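When we follow the numbering used here, the leftmost residue of the sequence shown carries the number 879, and every step to the right adds one.
One structure below.
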Amino acid sequence: MHIYLNGEVREIPDNTTAEGLVESLGLTGKRIAMEVNMEIVPRSQYATRRFHPGDKIEVVQAIGGG
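Written out as structure tokens, the structure reads:
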């Protein structure tokens with residue numbers, strides 16, 4: 879199915895979860911935030927939150943600096 883990830887069309891398998899997307903992006907264990915269709919997805923819901931065709935997903939990673 880097609881989704882929009884950070885503004886770009888991306889093909890992902892049907893029934894992909896937020897957790898699966900994070901893994902496929904190589905962001906497991908990183909400090910990230912995810913928004914789906916303009917709603918924040920709590921990390922506690924990543925394992926069960928499934929995507930639907932056309933979902934607009936934004937993933938941002940926190941980067942520390944000093």
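Virtual Cβ for every residue (Gly too), placed ideally from N, Cα, C.
From a predicted model like this one, the values you see are computed outputs, not experimental measurements.
From the DSSP secondary-structure annotation, give me the bridge partner or partners of residue i.
i, result
"Gln923", "For Gln923, which the question treats as bridged, DSSP gives no partner whatsoever."
"Thr895", "Arg928"
Figure out for me which residue from the options has the closest Cα to the Cα of residue i.
i, options, result
"Arg927", "Gly942, Val938, Met879, Glu913", "Glu913"
"Pro920", "Glu886, Glu897, Val887", "Glu897"
"Asp892", "Ser902, Gly904, Met879", "Met879"
Measuring straight from C-alpha to C-alpha, what distance separates residue i and residue j?
i, j, result
"Glu917", "Asp933", "11 angstroms"
"Val900", "Thr906", "6 angstroms"
"Pro931", "Val887", "11 angstroms"
"Ile910", "Ile941", "9 angstroms"
"Asn884", "Gln939", "12 angstroms"
Could you check what DSSP says for residue i in three-state terms: helix, strand or coil?
i, result
"Ala911", "strand"
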